[in-house]
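These protein sequence lines are chains Y and R, in that order. At position 128 of the first sequence the residue is numbered 1362 (this note's numbering), and the sequence of numbers has no breaks. At position 410 of the second sequence the residue is numbered 562 (this note's numbering), and the sequence of numbers has no breaks. Ideal placement from N, C-alpha and C gives every residue a C-beta, glycine not left out.
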Amino acid sequence: MTTSEVRAAGGDAETEHRIVGSRSRWHAMKPGNISLVYMYVAGFILFTVWVPHLWLSGVAQKSILNISFAVPAILAVGLMVPLLAGVFDLSISGTVDLSSVVLASLMIYSHVAAWLAILIVLAIGMLVGAINGILVAVVGIDSFIATLASSAILEALAVSLSGNIQVTGFKSGFAKFGSGNLIGGVQYQVLYVAVIALVIWYATEHTAPGRYLQATGENEDAARLSGIPTKRYIFISLMVSGLVAAFAGCVETAVIGAGESNLGDPYLLTAFAAAFLGATQFKQRFNVLGTLAGVWVLASGVEGVTLALHSYAWLNQLFFGAALIVAVGLGRVIEINNRRIAIRRRRGVLDQDMPGTVSVADRGAAAGDGPPPD
Amino acid sequence: MTTTAPASEILLEIESLSKTFPGQVALDGASLHVRRGQLHALLGLNGSGKSTLIKVISGYHREDEGGVVHAFGVETPAHQVRSSHPGRVAVLHQDLALIRGMSVAENMGLGASFRTSRTGRIQWGRQREEARDACRRIGLHVDPSAPVGSLEPSAQVIVGLARAIRSLGQIDGSIIFADEPTAALGSREVDRVFGAFRELTSAGAAVVVVTHRLEEVLAHCDALTVLRDGRTVAEQPTAGLDKAKLAAMLTGRPDGSELVTADSPDGPVLVPGEPAVLAVRRLRGRVIESLSFEIAAGEVLGIAGLVGSGREELGPLVVGALPRASGQILVDGREVGPSTRQATRAGIGVVPADRKRQGIFASMSVAQNMTVNREPARLGGAWLDSRAANREVDSWIRRVHLEPPDRHRKVSLLSGGNQQKVVLARWLRCSPRVMILDDPMQGVDVAAKTAIYRIVREAAAAGSAILLISSDSIELEEAADRVLVLRNGRIGAELRGAQRTSERIVMEVEG
Ligand SMILES: Nc1ncnc2c1ncn2[C@@H]1O[C@H](COP(=O)(O)OP(=O)(O)OP(=O)(O)O)[C@@H](O)[C@H]1O
Ligand SMILES: [Mg+2]
Chain Y
1235 MTTSEVRAAG GDAETEHRIV GSRSRWHAMK PGNISLVYMY VAGFILFTVW VPHLWLSGVA
1295 QKSILNISFA VPAILAVGLM VPLLAGVFDL SISGTVDLSS VVLASLMIYS HVAAWLAILI
1355 VLAIGMLVGA INGILVAVVG IDSFIATLAS SAILEALAVS LSGNIQVTGF KSGFAKFGSG
1415 NLIGGVQYQV LYVAVIALVI WYATEHTAPG RYLQATGENE DAARLSGIPT KRYIFISLMV
1475 SGLVAAFAGC VETAVIGAGE SNLGDPYLLT AFAAAFLGAT QFKQRFNVLG TLAGVWVLAS
1535 GVEGVTLALH SYAWLNQLFF GAALIVAVGL GRVIEINNRR IAIRRRRGVL DQDMPGTVSV
1595 ADRGAAAGDG PPPD
Chain R
153 MTTTAPASEI LLEIESLSKT FPGQVALDGA SLHVRRGQLH ALLGLNGSGK STLIKVISGY
213 HREDEGGVVH AFGVETPAHQ VRSSHPGRVA VLHQDLALIR GMSVAENMGL GASFRTSRTG
273 RIQWGRQREE ARDACRRIGL HVDPSAPVGS LEPSAQVIVG LARAIRSLGQ IDGSIIFADE
333 PTAALGSREV DRVFGAFREL TSAGAAVVVV THRLEEVLAH CDALTVLRDG RTVAEQPTAG
393 LDKAKLAAML TGRPDGSELV TADSPDGPVL VPGEPAVLAV RRLRGRVIES LSFEIAAGEV
453 LGIAGLVGSG REELGPLVVG ALPRASGQIL VDGREVGPST RQATRAGIGV VPADRKRQGI
513 FASMSVAQNM TVNREPARLG GAWLDSRAAN REVDSWIRRV HLEPPDRHRK VSLLSGGNQQ
573 KVVLARWLRC SPRVMILDDP MQGVDVAAKT AIYRIVREAA AAGSAILLIS SDSIELEEAA
633 DRVLVLRNGR IGAELRGAQR TSERIVMEVE G
């Protein structure tokens, strides 16, 4: 599977509308493009009726934001960058594992200052990304295989380094780095999401390198022939995801107050599910806003179901799988329906002003009479 | 159903067929009448609805209500023509729908059916045998276990055709549609494909073929139907027509002659002492053996050659998409490294031969496709889609006659010829120092072709060097100042001035 196939599954050939010259920003808000919003609203109403006291409490909503949303969102937004360039990064969970253990060891055993330890871990994350980048862009190993393998190696490193036990004993202040109160119960980790998402959003949507990244993912051959250094973009994208994953590892380590060698495992599915859900929203490709919406809806859903039914170990997995199918499927259904409506409407217009219509044919003829092209 | 029918029996009768996509009328009351034994050309400018018509008939799109279609004497909804007359309609789509990595025999099986034993095992021996026979019957001798991707382009077309024919129950009285089968073929190969069509029509089939090369219509076809903006504007026999009249019918302008007559300027020559804009020295690749040539500022150098002569290899070699074995490439006297990045940095722009795989970013917009090669420094700030950039895109949309003229449209929704125009505009826009045009007019209609060659001329006049590699000898005659004919990886002939007629080019190409 390639990421562009996934993208094609989300988008559809016949749903573009013709508005020559300008197109409203709200174009992205066509119903087919915001099925996640519908899902969220439906879920919100469901839980409001089902468990109103639990669901509508500030505690529940803040717990979604701080605990279930923040760290997965950081990871998912970072993961989106290589996905946009057309490569997978399965090593993010291994990177989280390793960075958690390294951070804890440095701070607790070697008494390294927090800021320095974090910088070292971030450097390790970039190094991991660079190694992935060499394997994928230079050696030419398929990204799926290369990062699957490096993830296993990273996990092994983390386990051996920690001796497979929790590394605990942080100074009490360090927890603030993750779960300190920013404002009104919203924790610092949420701020990190906002900053990272904003930077990646700007870079991928509004700068030329972002466009090149997207072109690389779309059609690497064509991108190379357009003068884009595609290997470099793939390399950089993997470094970004490595860096961001290492940072997520630091945050989560601070939040739970321990270095753990299996910290990242549950996040892999969440990050991928959110990025792929997001790719069906707003734009027909991976995008930051869609990814964030994806994490939010998944996080809320899990929280809601847990509140209503208690926590079961299998609940997360079941919920993620089901949500993925429902949201993507719903998008398709709405889209197909829209297309029918558009065709019907169009035909109605044609019938009404049949005799005097300025049709496509007349416009063509008029253009032919005009001045010749320069 | 009758199989013995008079020669003039109408097999397919389409009246007022319409197809509306959201926001886009592709067919607007088109008609088409196809007779038994007829080689019928379906013509029209880019975006006029030819492919859409074929896709409706083959059941890929569903038509709007209101049209009337009689197929083989029975009234049939348009999109059911193929399904309700099984074995009587075959379609050869534009991209052939062949799987390049699989063998001829496997592709045959995928399109029609596999020979299997009672246990469901594929009988490869028989499968290969049948594949070989099916190709031989229309004039292609091919190893059925060769991967399709390894065959020459014309052989691929014939394999596609053979597969289409195999899906027919009988040849007599059936219809074969072919959407631009010759767009990337040289003249000898074109003859081969039309030879195969002719055999089918002599056996009582009808062939409907889409092409933008008017000389093919005049040389091979019996009748034609012209679509303009989704409507049929002409249906008549080809007898008595010439290229100018055809061009006029296609465009709807009173006079088509300015679209088909070439001016034959005497090209610029190298100024002694000054370096050539592009110099290729002793270039070697897989087929190409020690090739050297130079292009002066303002010159359009044409490259002709059969498949396997090194023609297809030259463009990718110069731009670094294929590794060079040895040799030098110099732009303005400065040596260019072997990678694509170095080539594009040195000012070499390329319109690649394979639009789908190397040209377009299918799900990106027209504007994004056109500006993707632009260096950040020229974008005017980091924020994209500035008003200035949009204005520039719009002006190029007009200059290459893009239809519809919508910069937001996803490129995958454009017709084939219009996709090609987007790729052309990407590089024309930058007027690079060296421009490699590798079969650049595949599927581009006559009107746009003329306009685009005018732009290429302007770029040359401004000092660019143009390398025009083409399978189409007429295109070379009309657009190139000088033509190099490749044979076995070397220069077989150099034609300039009055020598470079298409007849002479064809002669030299075939050695
Ligand atoms: N799936 C689609 N969705 C929306 N518009 C479409 C779609 N397919 C085709 N069109 C539009 O319908 C019109 C006719 O397209 P079509 O592909 O039939 O042209 P064509 O005559 O085959 O042109 P060409 O010579 O370039 O191949 C074009 O304007 C095209 O943009
Ligand atoms: Mg077409």
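Assuming contact is defined by CB atoms lying nearer than 9 Å, are residue i and residue j in contact in what I supplied?
{"i": "residue 147 of chain R", "j": "residue 352 of chain R", "result": "For chain R, the structure presents residues 153 to 663; residue 147 of chain R sits outside this window and is missing."}
{"i": "residue 1294 of chain Y", "j": "residue 1427 of chain Y", "result": "no"}
{"i": "residue 364 of chain R", "j": "residue 595 of chain R", "result": "yes"}
{"i": "residue 661 of chain R", "j": "residue 505 of chain R", "result": "no"}
{"i": "residue 639 of chain R", "j": "residue 444 of chain R", "result": "no"}
{"i": "residue 430 of chain R", "j": "residue 469 of chain R", "result": "no"}
{"i": "residue 182 of chain R", "j": "residue 382 of chain R", "result": "yes"}
{"i": "residue 283 of chain R", "j": "residue 328 of chain R", "result": "no"}
{"i": "residue 629 of chain R", "j": "residue 637 of chain R", "result": "no"}
{"i": "residue 402 of chain R", "j": "residue 599 of chain R", "result": "yes"}
{"i": "residue 1289 of chain Y", "j": "residue 1541 of chain Y", "result": "yes"}
{"i": "residue 1314 of chain Y", "j": "residue 1438 of chain Y", "result": "yes"}
{"i": "residue 1300 of chain Y", "j": "residue 1423 of chain Y", "result": "yes"}
{"i": "residue 618 of chain R", "j": "residue 488 of chain R", "result": "no"}
{"i": "residue 210 of chain R", "j": "residue 256 of chain R", "result": "no"}
{"i": "residue 1523 of chain Y", "j": "residue 1554 of chain Y", "result": "no"}
{"i": "residue 1317 of chain Y", "j": "residue 1476 of chain Y", "result": "no"}
{"i": "residue 512 of chain R", "j": "residue 575 of chain R", "result": "yes"}
{"i": "residue 622 of chain R", "j": "residue 454 of chain R", "result": "yes"}
Ignore the nearest five residues each way along the sequence and tell me which others in residue i's own chain have a CB closer than 7 Å to its CB.
{"i": "residue 514 of chain R", "result": "563, 564"}
{"i": "residue 308 of chain R", "result": "248, 250, 300"}
{"i": "residue 1492 of chain Y", "result": "1338, 1400, 1401, 1402"}
{"i": "residue 533 of chain R", "result": "The predicted position of residue 533 of chain R is uncertain, since its pLDDT is 48 and thus under 50; no value can be drawn from it."}
{"i": "residue 170 of chain R", "result": "179, 180, 181, 215, 216, 218, 219"}
{"i": "residue 1303 of chain Y", "result": "1529, 1530, 1533"}
{"i": "residue 667 of chain R", "result": "Residue 667 of chain R is absent from the model: chain R starts at 153 and stops at 663."}
Contact check, residue i vs residue j under 8 Å by CB: the rounded distance?
{"i": "residue 1505 of chain Y", "j": "residue 1324 of chain Y", "result": "The pair is not a contact, with the Cβ atoms about 10 Å apart (cut-off 8 Å)."}
{"i": "residue 665 of chain R", "j": "residue 521 of chain R", "result": "One cannot answer for residue 665 of chain R here, as it falls past the ends of chain R, which runs 153 to 663."}
{"i": "residue 179 of chain R", "j": "residue 201 of chain R", "result": "5 Å"}
{"i": "residue 304 of chain R", "j": "residue 459 of chain R", "result": "4 Å"}
{"i": "residue 433 of chain R", "j": "residue 480 of chain R", "result": "4 Å"}
{"i": "residue 1356 of chain Y", "j": "residue 1479 of chain Y", "result": "Wrong, their Cβ atoms sit about 10 Å apart, outside the cutoff."}
{"i": "residue 374 of chain R", "j": "residue 192 of chain R", "result": "7 Å"}
{"i": "residue 313 of chain R", "j": "residue 348 of chain R", "result": "6 Å"}
{"i": "residue 1482 of chain Y", "j": "residue 1305 of chain Y", "result": "5 Å"}
{"i": "residue 1535 of chain Y", "j": "residue 1292 of chain Y", "result": "Residue 1535 of chain Y to residue 1292 of chain Y, Cβ: 19 Å. No contact."}
{"i": "residue 625 of chain R", "j": "residue 657 of chain R", "result": "4 Å"}
{"i": "residue 543 of chain R", "j": "residue 517 of chain R", "result": "Contact flag wrong, Cβ pair sits at about 16 Å."}
Ordered along the chain, which non-local residues of its own chain (more than five positions away) have a Cβ less than 8 Å from that of residue i?
{"i": "residue 140 of chain R", "result": "The question about residue 140 of chain R has no answer, for chain R in this structure spans 153 to 663."}
{"i": "residue 1465 of chain Y", "result": "1371, 1372"}
{"i": "residue 1359 of chain Y", "result": "1329, 1333, 1476, 1477, 1478, 1479, 1480, 1481, 1483"}
{"i": "residue 323 of chain R", "result": "317, 352, 355, 356, 357"}
By Cβ distance below 6 Å, which residues in the same chain neighbour residue i in space, the five residues on each side in sequence not counted?
{"i": "residue 1270 of chain Y", "result": "1515, 1527, 1531, 1561"}
{"i": "residue 1392 of chain Y", "result": "1331, 1332, 1335, 1495"}
{"i": "residue 385 of chain R", "result": "378"}
{"i": "residue 589 of chain R", "result": "503, 620"}
What are the residues of the segment 1448-1465 of chain Y that lie near chain R, defined by any Cβ-Cβ distance shorter than 8 Å? 1448, 1449, 1452, 1453, 1455, 1456, 1457, 1458, 1459, 1460, 1461, 1462, 1463
Under 9 Å (Cβ pairs) to chain R, residues found in the segment 1514-1545 of chain Y: 1518, 1519
Near ligand 2, which residues have their beta-carbon closer than 7 Å to a heavy atom? Chain order is used for the residues whose beta-carbon lies nearer than 7 Å to a heavy atom of ligand 2, namely R:202, R:203, R:246, R:331, R:332, R:362, R:567, R:568, R:569, R:595.
Using a beta-carbon distance cut-off of less than 8 Å, what residues from the segment 507-518 of chain R approach chain Y? 509, 510, 511, 512, 513, 514, 515, 516
Check each residue of the segment 454-477 of chain R: if its Cβ is closer than 8 Å to any Cβ of chain Y, include it; give the result in chain order. So the list reads 471, 473, given in the order they occur along the chain.
Contact set between the segment 557-580 of chain R and chain Y, restricted to residues whose Cβ is under 9 Å from the partner: In summary, the residues of the segment 557-580 of chain R whose CB is separated from some CB of chain Y by less than 9 Å are 557, 558, 559, 560, 561, 562, 564, 565, 575, 578, 579, in the order they occur in the chain.
Against chain Y, which members of the segment 385-401 of chain R pass a CB distance test of less than 7 Å? none
Using a beta-carbon distance cut-off of less than 7 Å, what residues from the segment 477-494 of chain R approach chain Y? 492, 493
Mind listing which residues of the segment 297-322 of chain R have their C-beta closer than 9 Å to chain Y's C-betas, in chain order? Interface annotation for the segment 297-322 of chain R against chain Y: empty, criterion Cβ-Cβ distance under 9 Å.
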